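Below is one structure, written out as structure tokens; the observations come after it.
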Amino acid sequence: MKRHFLELWVLMSLISIGLSACIPAQAAPDGPAPIPTAASSVELNEQTATATAEAAPVRVWVGEEVPPALARSVELGAGVAWASSAAEAEMHLGLAQGGAQGADAQWVYALAAPFPTVEDEVSEAALRSAWQGKLVLGGHALRMSAATFAAMEGLWGKAEAGAVEILPEEDLLAAAWGKQPGWAVIPFESLSPRWKVLRVGGQSPLDADFSAETYALTVPYRWTGDIPKGVNWAKTNREAGRMTSLILTGTTALVRQVALRMEEKGVDYPGLKIGDWLREADIAHVSNEVPFDSNCPPAVPLRREMRFCSDPKYVELLTGLGVDVVELTGNHLMDWGPEALLATMDVYAAYDLPTYGGGRNLEEAQAVYEVEHNGNRLAFVGCNAMGPEVDWATETTPGSAPCDMDTLEAQVRALAQAGKLPIVTFQHFELDDFRPQSAQRIDFQRMAAAGAVIVSGSQAHHAQTMTFVGDSLVHYGLGNLFFDQMTKANRPAFMDRHIFYDGRYVGTELMTIILEDGAQPRPMTAEERKVFLGKVFTAAVWPKVMP
645 MKRHFLELWV LMSLISIGLS ACIPAQAAPD GPAPIPTAAS SVELNEQTAT ATAEAAPVRV
705 WVGEEVPPAL ARSVELGAGV AWASSAAEAE MHLGLAQGGA QGADAQWVYA LAAPFPTVED
765 EVSEAALRSA WQGKLVLGGH ALRMSAATFA AMEGLWGKAE AGAVEILPEE DLLAAAWGKQ
825 PGWAVIPFES LSPRWKVLRV GGQSPLDADF SAETYALTVP YRWTGDIPKG VNWAKTNREA
885 GRMTSLILTG TTALVRQVAL RMEEKGVDYP GLKIGDWLRE ADIAHVSNEV PFDSNCPPAV
945 PLRREMRFCS DPKYVELLTG LGVDVVELTG NHLMDWGPEA LLATMDVYAA YDLPTYGGGR
1005 NLEEAQAVYE VEHNGNRLAF VGCNAMGPEV DWATETTPGS APCDMDTLEA QVRALAQAGK
1065 LPIVTFQHFE LDDFRPQSAQ RIDFQRMAAA GAVIVSGSQA HHAQTMTFVG DSLVHYGLGN
1125 LFFDQMTKAN RPAFMDRHIF YDGRYVGTEL MTIILEDGAQ PRPMTAEERK VFLGKVFTAA
1185 VWPKVMP
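The structure is reproduced here in structure tokens:
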């Protein structure tokens, strides 16, 4: 009996031990489970609320007065989302009240007109008068897109009824060309070569010394609310670091009376009155048609012959003017033989002056000169269509590049397809007329159709007119830069200032000059310019601008 009781006790003990081993440790706490208190419930609720707040994105709203390009540039980043209405947004981007000081973005607009517009500048007061309906140009209102209208209203207040004609942005250019004269206000990023940018209050956004803060058509924008980390946007649509200016010029020949004046009044004399224009350009071009030769006969007394050469010291005129590239398509390059031209190439090399359109042999003469500035990749190529044959380079002799139009077209197409900006300059047939010859029209327009953004005639002693092929400017002849022709027809000329921005050609300013003293060009007066441009534009055959 005692033994049975002992066996039963051992069995019960083993069962108890086995059950204890099967219970998880966390299911057997040391003490009773805690009971929630009021304090612990509040802490839990605060933690939940904090987690919820951290998860909710900051909502952003962009006002209708913000230009589309600025709105598209906004990058929200993590924890930020677009609001469905202005009321629910914690951050707003809109017009900066109180002016440009402290603005988060400045958007630049341009007052533009069709390219063949003689007028160059208007006052801020005149522009405001147009906005107020007190000034109507050409019988129609000031034109702009709906987005630009909203921006201008934020800047200038309500426009007078009928003072503004609102059109889709893509229709403004055709409308402007269809009914001239007329003004349009467009954002800087919408500029294209067929527009002419008018100065407002003395300023143009195409100028190197442009000041957005003092320009009448700069619209400031500002964020309200705290800006979370990671939110980015374009601060402006016009960055100086993306712009390149190029000045193309016409005929230069430092001979005869030009050389005489340089000897009498100093090597820098021809450029004294237009030098700042060339020096301000990022890239300044000159087409020098004449070789330098240390054996060149003295310029004093005056030499009238047509066999040209220049004293090598005259290169200091070009370097003093900040010339960056020299075109060598001229038809007088071989006047003193191959040795003189080879010596000329050495002179340019000694002054680190790049050349194109001519060289020590055919390969060098046909080579492309490429230069990159502020991200704009310009590519220069040129040729001599006029001859004479002795002036053309061969595989073994120096000279200018003969115009092999198939080769030139292939070069231009390849450059354009590579994302470069081809610029073609010609020494073509000369004509004392504003209108070009048919051969000029064919060759110039062929290069534009192949992809050249600018085609320019360096041969003209008589300035010639221009046209467009697509958005490519074709200027048949610029006239003389430094030469001694003092007839009424030969004195006026152009210096074309071309502007490139963010990898594309955006516009041209036609700078006008007139020759004085047989050697020295000066800027035209306002009246001279008005008459000259009127003649040039009248002689042009402009293509229809399609909407």
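In short: position in the sequence shown from 1, add 644, done, that's our numbering.
Think of the CB as a built atom: it goes at the ideal place given N, C-alpha and C, for glycine as much as any other residue.
Small disclaimer: the values here were computed from a predicted structure and weren't measured.
Bridge-paired residues (DSSP) for residue i
| i | result |
| --- | --- |
| Glu1074 | According to DSSP, Glu1074 bridges with nothing at all. |
| Val1189 | Answer by DSSP bridge pairing: none, since Val1189 is not bridged. |
| Phe1176 | None, per the DSSP bridge assignment. |
| Asp1140 | Leu892 and Leu1154 |
| Gln750 | Pro864 and Thr880 |
| Gly1043 | Gly1003 |
| Met1110 | His1119 |
| Gln1126 | Reading the sequence as shown, one finds Phe at residue 1126 and not Gln. Phe1126 pairs with Thr896. |
| Val704 | Trp726 and Met735 |
| Asn975 | DSSP lists no partner for Asn975. |
| Gln1164 | Glu1160 |
| Asp1065 | It should be pointed out that residue 1065 corresponds to Leu in this sequence rather than to Asp. In the DSSP output, where bridge partners are listed per residue, Leu1065 has Leu1022. |
| Val969 | His929 |
| Gln847 | Val844 |
| Cys1027 | Phe1070 |
| Ser954 | Phe936 |
Simplified DSSP state of residue i, which is helix, strand or coil
| i | result |
| --- | --- |
| Ile617 | Residue 617 is absent from the structure shown; the chain starts at 645 and stops at 1191. |
| Met1091 | helix |
| Glu1153 | strand |
| Gly662 | Caution applies to Gly662, whose pLDDT of 41 falls short of 50 and renders its modelled position unreliable; the value that the coordinates give is listed next. Three-state result, Gly662: helix. |
| Trp775 | helix |
| Pro982 | helix |
| Glu960 | helix |
| Glu690 | Note on Glu690: pLDDT 47, under 50, position unreliable in the model; no value is reported. |
| Ser717 | helix |
| Ala683 | Residue placement at Ala683 is flagged as unreliable, the pLDDT there being 38, under the threshold of 50; the coordinate-derived value follows with that caveat. Note: Ala683 maps to helix in three-state DSSP. |
| Thr1182 | helix |
| Pro758 | strand |
| Tyr1013 | strand |
| Ser938 | coil |
| Ala1055 | Residue identity differs from the one stated: residue 1055 is Gln in this sequence, not Ala. It is helical. |
| Val1099 | strand |
| Arg947 | coil |
| Tyr1145 | strand |
Beta-carbon separation (whole angstroms), residue i vs residue j, contact threshold 8 Å
| i | j | result |
| --- | --- | --- |
| Val1150 | Gly1095 | Actually they do not touch by this definition, with Cβ atoms about 17 Å apart. |
| Ala1029 | Phe1070 | 6 Å |
| Leu861 | Ala754 | 7 Å |
| Leu1022 | Leu1065 | 5 Å |
| Pro825 | Thr761 | 6 Å |
| Asp1140 | Ser836 | Contact doesn't hold; Cβ gap of about 16 Å is too wide. |
| Leu1197 | Trp839 | Look at the range of the chain in this structure, 645 to 1191, and you will see that residue 1197 is not part of it. |
| Ala925 | Leu890 | 6 Å |
| Val967 | Gly1026 | The pair is not a contact, with the Cβ atoms about 15 Å apart (cut-off 8 Å). |
| Tyr859 | Val959 | The pair is not a contact, with the Cβ atoms about 39 Å apart (cut-off 8 Å). |
| Pro935 | Asp979 | 7 Å |
| His1072 | Asp1087 | 7 Å |
| His736 | Thr868 | 5 Å |
| Ala993 | Asp937 | About 16 Å separates the two Cβ atoms, so there is no contact after all. |
| Glu1039 | Asn1005 | 6 Å |
Any non-hydrogen atom of the ligand NAP within 8 Å of residue i CB
| i | result |
| --- | --- |
| Leu997 | Of ligands this structure carries none, so the ligand NAP is not represented either. |
query: Taking three-plus beta-carbon pairs below 8 Å as touching, is the segment 962 to 978 in contact with the segment 928 to 942?
result: yes
- prompt: Can we say the segment 1109 to 1127 touches the segment 1168 to 1186, given the rule of at least three CB pairs closer than 8 Å?
  reply: yes
message: Taking contact to mean 3 or more Cβ pairs, one atom from each stretch, closer than 8 Å, check whether the segment 900 to 910 and the segment 937 to 944 are in contact.
response: yes
message: Runs of 4 residues minimum, wholly inside the segment 849 to 935: which ones carry the alpha helix (DSSP H) assignment?
response: 900 to 909 and 919 to 924
query: If we count Cβ pairs, one from each stretch, closer than 8 Å, do we get three or more for the segment 1040 to 1050 versus the segment 1008 to 1023?
result: yes
message: Could you check whether the segment 698 to 707 touches the segment 721 to 731, counting it as contact only if at least three pairs of C-beta atoms, one from each stretch, sit closer than 8 Å?
response: yes
query: Which runs of the beta strand (DSSP E) spanning at least 3 residues fall entirely within the segment 761 to 844, listed in chain order?
result: 786 to 788, 808 to 810, 828 to 831 and 839 to 844
message: Between the segment 844 to 857 and the segment 782 to 799, can you find at least three pairs of beta-carbon atoms closer than 8 Å?
response: no
query: Are three or more beta carbon pairs between the segment 885 to 902 and the segment 1121 to 1129 nearer than 8 Å?
result: yes
message: Measuring CB atoms only, is the segment 1071 to 1091 touching the segment 1164 to 1175, in the sense that at least three cross pairs come out at less than 8 Å?
response: no
message: Measuring CB atoms only, is the segment 758 to 777 touching the segment 805 to 824, in the sense that at least three cross pairs come out at less than 8 Å?
response: yes
message: Check whether the segment 733 to 749 and the segment 762 to 769 touch, using three or more Cβ-Cβ pairs below 8 Å as the test.
response: no
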